[in-house]
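Numbering (the working numbering), first residue to last: 8 to 940.
Quick reminder that beta carbons are idealized off the backbone N, C-alpha and C, glycines included.
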Amino acid sequence: MKSPLRSPAAIDWHALTVPEAVAALDSDLHQGLPLDRVQQRRQQYGPNELEEAVGRSPLAIWLDQFKNIMLLMLIAVALISAGLDLRDQQFPKDAIAIFIIIFLNAWLGYVQESRAEKALAALKQMTSPQVRVIRGGQDIEVNAKELVPGDLIHLEAGVTVPADGRLISANHLELRESALTGEAAVVRKRCDQTLPEATVLGDRINLVFQGTEVVQGRGVALVTAIGMQTELGHIAEMLQTVEAEPTPLQQRMTQLGNALVGGSLTLVVLVVMGGIWQTGNLGLIDELLEISLSMAVAVVPEGLPAVITVTLALGTQRMVRRQALIRKLPAVETLGSVTTICSDKTGTLTQNKMVVQRLQLAGKAVQVTGNGYDPRGEFLDHTYAFKPERHPDLMRLLVTGALCNDAALQKEAGDWSILGDPTEGALLVLARKAGFDPQQWNSAFARQAEIPFSSERKRMSVLCATHAADPQLQALFPQDYAQFIKGSPELVLERSTRIQVGDRIKPLTQADRQAILAQNNQLASQGLRVLGLAYESLHRLPPLDDPAWESEALIWLGLVGMLDAPRSEAKAAVALCQAAGIRPVMITGDHQLTAMAIARSLGIAREGEPVLNGHDLEQLSPEELEQQVDCVNVYARVAPEHKLRIVRALQRHRAVVAMTGDGVNDAPALKQADIGIAMGITGTDVSKEASDMVLLDDNFATIVAATEEGRVIYSNIRRFIKYILGSNIGEVFTIAAAPLLGLGTVPLTPLQILWMNLVTDGLPALALAMEPAEDGVMQRPPHHPRESIFARGLGFYMIRIGIVLSILTITLMSWAFRYTQSPGYTGDPENWKTMVFTTLCLAQMGHALAVRSATRMTIQINFWSNPYLIGAIALTTLLQMCLLYIPPVQQFFGVRPLSLMELGICFGVSTLMFVWVELEKGVVCAVKAWRHR
8 MKSPLRSPAA IDWHALTVPE AVAALDSDLH QGLPLDRVQQ RRQQYGPNEL EEAVGRSPLA
68 IWLDQFKNIM LLMLIAVALI SAGLDLRDQQ FPKDAIAIFI IIFLNAWLGY VQESRAEKAL
128 AALKQMTSPQ VRVIRGGQDI EVNAKELVPG DLIHLEAGVT VPADGRLISA NHLELRESAL
188 TGEAAVVRKR CDQTLPEATV LGDRINLVFQ GTEVVQGRGV ALVTAIGMQT ELGHIAEMLQ
248 TVEAEPTPLQ QRMTQLGNAL VGGSLTLVVL VVMGGIWQTG NLGLIDELLE ISLSMAVAVV
308 PEGLPAVITV TLALGTQRMV RRQALIRKLP AVETLGSVTT ICSDKTGTLT QNKMVVQRLQ
368 LAGKAVQVTG NGYDPRGEFL DHTYAFKPER HPDLMRLLVT GALCNDAALQ KEAGDWSILG
428 DPTEGALLVL ARKAGFDPQQ WNSAFARQAE IPFSSERKRM SVLCATHAAD PQLQALFPQD
488 YAQFIKGSPE LVLERSTRIQ VGDRIKPLTQ ADRQAILAQN NQLASQGLRV LGLAYESLHR
548 LPPLDDPAWE SEALIWLGLV GMLDAPRSEA KAAVALCQAA GIRPVMITGD HQLTAMAIAR
608 SLGIAREGEP VLNGHDLEQL SPEELEQQVD CVNVYARVAP EHKLRIVRAL QRHRAVVAMT
668 GDGVNDAPAL KQADIGIAMG ITGTDVSKEA SDMVLLDDNF ATIVAATEEG RVIYSNIRRF
728 IKYILGSNIG EVFTIAAAPL LGLGTVPLTP LQILWMNLVT DGLPALALAM EPAEDGVMQR
788 PPHHPRESIF ARGLGFYMIR IGIVLSILTI TLMSWAFRYT QSPGYTGDPE NWKTMVFTTL
848 CLAQMGHALA VRSATRMTIQ INFWSNPYLI GAIALTTLLQ MCLLYIPPVQ QFFGVRPLSL
908 MELGICFGVS TLMFVWVELE KGVVCAVKAW RHR
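Next up, the structure:
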């Protein structure tokens with residue numbers, strides 16, 4: 008797209024008057040742009056669409072799979088093995104088997120990575136396909152892509168705004184901008200306002216933005232920015248600049264691969280050099296090369312990628328049952344490493360439902376109970392419940408709130424919901440809790456006129472006829488007409504001269520005013536949204552053609568304090584987070600007082616802790632912000648770029664960040680975060696496509712449950728890694744010992760090693776992935792996200808167990824070789840190799856059984872708590888027996904049937920592996936018990 012002559016980013020459109028904005032774009036207030044100028048600007052500015060960055064091609068993604076160092080080593084092994092077999096005119100079955108494994112691992116990686124991001128596609132769908140525009144003085148309908156700066160566009164209810172624009176006319180125009188700004192309430196727009204240049208995005212009431220929705224009213228806007236120059240375009244640009252970082256698991260697997268390949272190559276060199284030095288015969292290079300190939304195959308855990316992928320997939324299924332949908336497999340494990348959860352407030356920590364909690368009448372404070380929009384609750388006066396109909400002042404307040412209202416309360420499929428503004432909806436629920444139907448009041452009091460809420464007036468006024476009301480209502484409002492007012496407590500109080508006290512009306516004194524303002528401040532400091540309500544009874548209808556028909560001698564009724572109440576389970580979830588060493592941070596577009604009140608009530612922040620708002624954040628450099636993120640737990644009034652900056656600052660502090668969000672504005676931060684978490688109910692398509700995980704119930708507690716699941720999965724991954732690699736190291740040492748013992752040949756072929764690594768290792772490893780959570784998994788801090796895969800003794804364990812396994816197997820191998828080569832032996836002289844192969848396979852079954860816990864003896868663990876492991880051990884043992892005693896399989900794998908005595912010796916030596924691991928645990932437990940005396 009070509010650059011505009013005047014970049015919209017360089018002009019503060021909200022700070023310009025309508026004539027100034029029209030002049031800046033050389034348009035006409037009534038005629039719009041002439042057609043010839045439209046063509047010029049289309050060439051100058053390009054189409055009104057979001058540009059998509061060029062991603063990797065499928066071929067590039069496929070080729071990237073072969074950059075894995077372990078796969079590269081396997082490819083080299085397969086090529087050398089194929090060359091040796093073809094030279095000796097043998098079928099290269101080992102090489103073919105290795106290539107099949109290489110292909111399967113590469114395919115698994117390709118399938119995961121080729122899931123192209125669709126966030127930008129979802130953004131592009133947010134533009135209206137057709138739009139009414141004024142060009143050359145005529146109303147025409149054009150495709151939204153054809154809009155240019157300077158066009159005049161019509162806006163009406165139900166339309167998605169196709170471009171950013173400056174309003175030039177507006178009639179009761181309200182927009183829902185929550186997807187862009189994070190604000191839950193609809194925004195009433197005004198065209199006759201000019202605002203300070205520093206006005207934040209959510210307060211620019213004279214502008215409209217691409218991708219937002221017109222809720223009601225109509226208007227005309229001057230297009231100021233299109234395509235990538237819009238606020239939506241800025242978000243798209245941020246999405247494109249966010250680079251996906253490797254997850255902790257991917258980093259650990261890379262580290263593991265490097266260590267394995269490096270160790271394998273070192274061992275190969277030592278074996279080849281040691282063999283030549285021991286024999287002094289360079290002619291043995293082929294035999295030494297065969298040994299080296301077997302060692303290389305043995306050291307690479309060919310089944311590990313598949314086991315990890317299946318483990319993560321099984322984890323996603325368990326998380327779905329806990330209302331968390333995983334979109335990207337690595338996110339499952341990354342959840343277990345999360346150190347910071349950045350959560351939006353509305354709908355995640357709160358119910359996303361405004362609920363009246365406090366009423367303040369003259370000399371009387373009333374508490375209202377109940378949750379959400381369910382119209383069940385009680386009115387309490389000092390903890391005592393009472394009936395509102397016995398209190399005339401409270402009844403007048405309820406009627407005023409219900410009549411000065413444009414919302415609707417409805418019940419569908421057993422659930423109550425609000426149509427319209429949530430604040431007004433809360434007043435309808437309040438009336439229902441008192442046992443009244445607001446619709447009947449609306450029928451009884453016919454509305455004669457209204458003055459809608461605006462940001463200047465900060466109040467709404469309605470004028471109703473009262474003579475058709477029933478006797479009870481007539482007693483409350485005895486005159487023929489009445490005005491009902493709700494809005495900013497200060498402004499409504501300014502227009503009040505009297506106060507309702509019970510059933511009496513008294514003059515409003517200065518002391519009364521000060522007391523009311525103090526009560527208002529007290530409620531506001533608790534984070535409540537406060538409304539002031541007043542009324543006046545009239546003998547006759549005022550002149551409605553006079554815009555100032557609203558009375559300035561109102562009767563003050565009281566204050567209504569409402570709150571988007573925290574979810575009942577959120578406080579416990581926050582406490583569980585903190586016990587687990589995870590720091591919850593609130594990042595919201597709402598106001599500072601409201602955000603801090605919710606944060607304090609949930610335990611996210613304490614009294615006196617700092618709050619950083621969007622305006623202050625803009626003044627901070629990246630370095631200054633980085634210094635503050637460690638001590639700030641609440642961010643309020645933030646814009647899209649602020650969220651992204653916060654996440655990046657936390658990541659520079661080496662935090663693993665989970666970020667929640669539901670709007671378009673959250674998408675860049677969701678993509679940048681280590682775990683992006685979108686809302687499944689209220690979330691936009693953009694936020695879901697940019698995320699790693701979707702909350703099906705929009706509940707913060709679900710994040711904590713998913714984090715717990717992630718920790719369990721990471722523990723299980725470490726468990727089967729030490730099982731697999733401990734066994735592999737034992738195989739490598741056993742193979743390396745063969746030439747040093749002068750056996751003259753390798754005991755295991757690459758095909759047999761592949762069988763062990765894929766079947767004997769793979770099935771029990773998958774079963775270990777199903778191990779249930781250990782006690783206290785959420786009572787410890789998260790493990791360091793950058794910790795080595797070998798951390799916390801895992802590396803030493805694998806080497807130690809590998810050495811023990813190899814000592815047992817080498818001892819058996821030495822005895823079996825002499826036994827099968829002795830003159831009196833009647834079996835096949837090659838049986839010693841099969842005994843070594845079988846012993847290694849069976850010993851791993853005992854290891855799998857013992858490795859379930861690092862601290863508890865196997866006898867202390869519920870034997871059937873993981874039936875999958877018992878089944879895997881039994882099945883693998885059966886498969887090994889089939890390998891030994893079914894002739895076609897024997898021939899393919901190059902094994903011999905063992906006698907009953909030989910098989911018994913294999914089982915006996917294998918059992919020692921289980922005994923050793925159990926003895927280790929017993930010693931460790933005894934030492935710990937001795938230290939804690």
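>> Buried or exposed, going by whether 16 or more other CB atoms sit within 10 Å of the CB of Pro382?
In response: buried
>> Under 8 Å: do the region 340-349 and the region 661-681 share three or more Cβ pairs, one atom per stretch?
In response: yes
> Which ranges would you report for the alpha helix (DSSP H) in the region 369-431 if only whole runs of at least 4 residues count?
Replying inline: 399-410
> DSSP three-state call for Cys945: helix, strand or coil?
Replying inline: This structure cannot speak to residue 945, because the chain is shown only from 8 to 940.
> Which value, in whole angstroms, describes the spacing of the CA atoms of Leu180 and Gln223?
Replying inline: 6 Å
> To the nearest angstrom, how far is it from the Cα of Thr595 to the Cα of Pro54?
Replying inline: 33 Å
> In terms of alpha-carbon separation, which member of Asp673, Thr827 and Tyr730 lies closest to Glu184?
Replying inline: Asp673
>> Tell me which residues share the same chain as Cys889 and place their Cβ nearer than 8 Å to its Cβ, disregarding the 5 neighbours each side in the sequence.
In response: Val896
> Looking at Leu182 and Val219, is the spacing between their C-beta atoms short of 9 Å?
Replying inline: It should be pointed out that residue 219 corresponds to Thr in this sequence rather than to Val. Going by C-beta atoms, Thr219 is nearer than 9 Å to Leu182.
> With C-beta atoms as the reference, is Ile760 less than 9 Å away from Ile806?
Replying inline: no
>> Rounded to whole angstroms, what is the Cα-Cα separation between Leu127 and Val693?
In response: Unreliable placement is indicated for Leu127, whose pLDDT of 43 sits below 50; no coordinate value is reported for it.
> Between the C-alpha atoms of Gly379 and Ser734, what's the straight-line distance to the nearest angstrom?
Replying inline: 57 Å
>> Output needed for Val29: all residues of its chain with C-beta closer than 8 Å, excluding positions within five of it in sequence on either side, in chain order.
In response: Asp35, Leu36, Ile175 and Leu229
> Under three-state DSSP, which class holds His791?
Replying inline: coil
>> Tell me whether the region 867-881 and the region 807-816 touch, counting them as touching only if at least three CB pairs, one residue from each stretch, are closer than 8 Å.
In response: no
> Quick one: Cα of Val618 to Cα of Glu633, how far?
Replying inline: 15 Å
>> What does the alpha-carbon distance come out to for the pair Leu651 and Gln658?
In response: 11 Å
> From Val27 to Leu159, what distance separates their C-alpha atoms?
Replying inline: Before going further, note that residue 27 is Glu rather than Val in the sequence given. If you take the alpha carbons of Glu27 and Leu159, they lie about 15 Å apart.
> With 16 as the cutoff for other CB atoms within 10 Å, does Cys638 come out buried or exposed?
Replying inline: exposed
> For Arg536, which residues of its own chain have a beta-carbon under 6 Å away from its beta-carbon, when the five flanking residues on both sides are left out?
Replying inline: Met569
> Does DSSP classify Leu130 as helix, strand or coil?
Replying inline: With a pLDDT of 47 at Leu130, under the threshold of 50, the modelled position of this residue cannot be trusted; read the value that follows with caution. Of the three classes helix, strand and coil, the one that applies to Leu130 here is helix, per DSSP.
> Is it the case that the Cβ atoms of Ala643 and Asp597 are separated by a distance below 9 Å?
Replying inline: yes
> Going by alpha carbons, who is nearest to Gln887 out of Phe870, Val843, Glu927 and Lys928?
Replying inline: Val843
> Are there 16 or more other CB atoms within 10 angstroms of the CB of Met820, so buried, or fewer, so exposed?
Replying inline: buried
> Are Glu648 and Pro675 closer than 9 Å when you measure CB to CB?
Replying inline: yes
> Expressed to the nearest angstrom, what Euclidean distance is found between the alpha-carbon atoms of Arg259 and Val930?
Replying inline: 30 Å
> Can you check whether the CB of Leu162 is closer than 9 Å to the CB of Leu239?
Replying inline: no
> Which residues in the same chain have their Cβ closer than 6 Å to the Cβ of Ala113, if we skip the five residues on either side of it in sequence?
Replying inline: Gln72
>> Does the contact criterion of 3 or more C-beta pairs under 8 Å hold for the region 416-428 versus the region 501-509?
In response: no
>> Quick test of your reading: Thr756 and Gly901, contact by CB under 8 Å. State the CB separation rounded to the nearest angstrom.
In response: 6 Å
> From Thr714, Gln481 and Gln50, pick the residue whose C-alpha is nearest to that of Met402; which is it?
Replying inline: Gln481
> With a Cβ-Cβ cutoff of 9 Å, do Leu336 and Ala697 count as a contact?
Replying inline: no
> For Ile817, which of helix, strand or coil comes out of DSSP?
Replying inline: helix
> Pro255 and Thr341 look like a contact to me (Cβ under 8 Å); what is the Cβ gap, rounded to whole Å?
Replying inline: 6 Å
> Quick one: complete alpha helix (DSSP H) runs, 4+ long, within the region 512-553?
Replying inline: 517-532
> What's the call for Thr714, buried or exposed, on a 16-neighbour Cβ count within 10 Å?
Replying inline: buried
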